[in-house]
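To convert, count from 1 in the sequence shown and add 104; that's our numbering. A virtual CB, placed ideally from N, CA and C, is assigned to each residue, including glycine. Right, one structure below, let's go through it.
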Amino acid sequence: MNVLMIASECVPYAKTGGLADVVGALPKVLRKMGHDVRVVMPLYGGIDIIRFHLKPALPMMGVWMGNTQEWCAVHEGSNDGVPVYFIEFERYFGRFGLYHDASFNDYADNPRRFGFLTRAGLQLCRDLNFTPDIVHAHDWHTALAGAYLKIWHWNDPILGKAASVLTIHNIAYQGVYPSVHLDYLGLQWGNFTPDKFEDHGNLNFLKGGIVYSDVVNTVSPTYARETRTPAGGFGLAPYLNNKGERYVGILNGAEYSQWDPERDTLIPARYSAKDLSGKAVCKRELQRRFWLEEDPDTPIVGVVSRFAAQKGLDLLAQVIEPMINAMRVQFVVLGAGDNALEQFYGSLPGRYRGKIGSYIGYSDELAHWIEAGSDFFLMPSIYEPCGLNQMYSLKYGTLPIVRATGGLDDTVVQYNEADGAGTGFKFWAADPGAIYYTTGWAVSTYFDRPAHYRKMQQTAMKQDFSWERSAKAYEELYQQAIEARP
Ligand code: ADP
Ligand code: GLC
Numbered sequence: 105m106n107v108l109m110i111a112s113e114c115v116p117y118a119k120t121g122g123l124a125d126v127v128g129a130l131p132k133v134l135r136k137m138g139h140d141v142r143v144v145m146p147l148y149g150g151i152d153i154i155r156f157h158l159k160p161a162l163p164m165m166g167v168w169m170g171n172t173q174e175w176c177a178v179h180e181g182s183n184d185g186v187p188v189y190f191i192e193f194e195r196y197f198g199r200f201g202l203y204h205d206a207s208f209n210d211y212a213d214n215p216r217r218f219g220f221l222t223r224a225g226l227q228l229c230r231d232l233n234f235t236p237d238i239v240h241a242h243d244w245h246t247a248l249a250g251a252y253l254k255i256w257h258w259n260d261p262i263l264g265k266a267a268s269v270l271t272i273h274n275i276a277y278q279g280v281y282p283s284v285h286l287d288y289l290g291l292q293w294g295n296f297t298p299d300k301f302e303d304h305g306n307l308n309f310l311k312g313g314i315v316y317s318d319v320v321n322t323v324s325p326t327y328a329r330e331t332r333t334p335a336g337g338f339g340l341a342p343y344l345n346n347k348g349e350r351y352v353g354i355l356n357g358a359e360y361s362q363w364d365p366e367r368d369t370l371i372p373a374r375y376s377a378k379d380l381s382g383k384a385v386c387k388r389e390l391q392r393r394f395w396l397e398e399d400p401d402t403p404i405v406g407v408v409s410r411f412a413a414q415k416g417l418d419l420l421a422q423v424i425e426p427m428i429n430a431m432r433v434q435f436v437v438l439g440a441g442d443n444a445l446e447q448f449y450g451s452l453p454g455r456y457r458g459k460i461g462s463y464i465g466y467s468d469e470l471a472h473w474i475e476a477g478s479d480f481f482l483m484p485s486i487y488e489p490c491g492l493n494q495m496y497s498l499k500y501g502t503l504p505i506v507r508a509t510g511g512l513d514d515t516v517v518q519y520n521e522a523d524g525a526g527t528g529f530k531f532w533a534a535d536p537g538a539i540y541y542t543t544g545w546a547v548s549t550y551f552d553r554p555a556h557y558r559k560m561q562q563t564a565m566k567q568d569f570s571w572e573r574s575a576k577a578y579e580e581l582y583q584q585a586i587e588a589r590p
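Written as structure tokens, this is what we have:
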């Protein structure tokens, strides 16, 4: 099959979260399975053309936005053999932030920027003479792809046969904007109705994308069920339910070429399930790097997260100090986002010297160090469509402590005190007390039932969430989209 993926982020070029990991990894595996998958994304200001060996693909490409034709250029790179096209359009993408400025204020022209990216992706197929069987969009940013295909390209020789797939990585972000953008986006006012794009007087990208795409999926089976309910669907449950069988959950994979302690080139020492001595080195180095007391026997709880309401770190903030006071434990926190949370977590190392370390910012290297050097990995998410870090931490023998929601529930198996079975520690209530007592349970297991801890570590490291299985499911989804296409 010929597959065009249009996305706002992709590892290794631009990343703010797990979406980038998925768009970086899935196409590689699909290509190995014999499909011609290509990716289109913006040339953001921070993407280094020289470092990534990008070459000019098209010096000029005209993209119709309403009555305006915008002129952009296209560069081409290779992500381990996957062609990646970069849309160069200074006015929209010549900025360092992907979605917002340095103070986390969203860019006001985001609907235009990403509507443009989507149309540019489709136009590129025509300019390159690439006939896609599938156009695969990700999240609200490119959700309009399915709508554009049906509104504008239904009888186009290049695009007319393409079926559309939309993957929802997070239903809370829907791209809701004033309707004034409708003309520029070329959506036609006849579509501004409650069953399509209209949402309480505004324009809703994701809603229109769900309605128009041939099939829709999200990134775990449990999140697919949760989003079909009023609260979990953030207002879009009825439209997902209308899709019937054409809305499914496919668990993400983990890219073990980058997240595996046996191969990881970023961590201080490599290790395997058979020989964990390297993990002890990683722990010692992590303690040094974060100015923690160097003690091999005190368990470390790691956190790597965007500081967003979704992640439950405001709940953790209410109990992290009581935990430090009551338990023999250390914390290492890496993250950025919400201002108040940055202030709070940034201030902890000064107040709890040797016991809490934190780094406010984005660092891939530190993320790897924390996965490798910690004994537990905490994700108290309010909701979590899939979550990648818990899969990584399983591979690193770093037992996850998670709220049983979405993909966290699907990937972590609850500890059984009777026999030491399971891979982590789960709680259900979204409240600080649940975090406190479940972390306490994990820490007491570490000290009081060390044989169970070691057994769980071995079980965890054997878990296999590689992309191959998920890519098969996407292959079937593509087939379903082709059959569903009117
Ligand atoms: P989400 O996409 O909602 O942020 P995921 O668990 O799917 O959650 O993916 C998060 C990805 O982003 C992981 O690869 C994680 O390591 C990475 N990440 C998040 N915050 C940071 C940070 N501050 N520094 C480095 N990597 C981070
Ligand atoms: C989103 C979700 C996260 C998921 C990622 C990749 O950012 O918040 O749970 O793992 O997308 O699908």
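Is residue i buried or exposed, if buried means 16 or more other CB atoms sit within 10 Å of its CB?
i	result
residue 178	buried
residue 447	exposed
residue 164	exposed
residue 328	buried
residue 561	buried
residue 422	exposed
residue 218	buried
residue 259	exposed
residue 354	buried
residue 571	buried
residue 303	buried
residue 415	buried
What whole-angstrom Cβ distance do residue i and residue j have, given they're in contact under 8 Å?
i	j	result
residue 531	residue 542	4 Å
residue 67	residue 236	No information on residue 67 is available, as it lies outside the stretch 105 to 590 that the chain covers here.
residue 547	residue 431	5 Å
residue 577	residue 130	Rounded, the Cβ-Cβ distance is 10 Å, inconsistent with contact.
residue 231	residue 162	6 Å
residue 274	residue 489	5 Å
For residue i, which beta-bridge partners are listed by DSSP?
i	result
residue 109	143, 240
residue 272	322
residue 159	180
residue 525	520
residue 480	405, 503
residue 172	169
residue 576	The partner list for residue 576 (beta bridge, DSSP) is empty, contrary to what the question assumes.
residue 464	439
Is it true that the CB of residue j sits closer than 8 Å to the CB of residue i?
i	j	result
residue 184	residue 254	no
residue 262	residue 308	no
residue 320	residue 344	yes
residue 452	residue 462	yes
residue 271	residue 323	yes
residue 434	residue 404	yes
residue 459	residue 396	yes
residue 238	residue 145	no
residue 373	residue 242	no
residue 510	residue 555	no
residue 193	residue 156	no
residue 202	residue 148	yes
residue 340	residue 244	no
residue 413	residue 486	yes
residue 257	residue 264	yes
residue 492	residue 346	no
residue 588	residue 350	yes
residue 189	residue 216	no
Could one say the Cβ of residue i lies closer than 8 Å to chain D's Cβ atoms, at least one of them?
i	result
residue 517	Protein chains in the displayed structure number just one, and chain D is not present.
Could you tell me the distance, in whole angstroms, from the CA atom of residue i to the CA atom of residue j?
i	j	result
residue 388	residue 289	54 Å
residue 518	residue 214	41 Å
residue 475	residue 276	27 Å
residue 170	residue 444	41 Å
residue 384	residue 137	38 Å
residue 504	residue 527	7 Å
residue 392	residue 398	7 Å
residue 252	residue 506	39 Å
residue 286	residue 363	42 Å
residue 120	residue 409	10 Å
residue 150	residue 284	30 Å
residue 478	residue 406	6 Å
residue 382	residue 586	48 Å
residue 441	residue 482	18 Å
residue 534	residue 497	22 Å
residue 520	residue 360	27 Å
residue 582	residue 295	26 Å
residue 123	residue 342	25 Å
residue 173	residue 325	41 Å
residue 181	residue 127	14 Å
Hey, is residue i close to the ligand NAD, as in C-beta under 7 Å from one of its heavy atoms?
i	result
residue 490	Looking at this structure, you won't find the ligand NAD anywhere; what it does contain is the ligand ADP and the ligand GLC.
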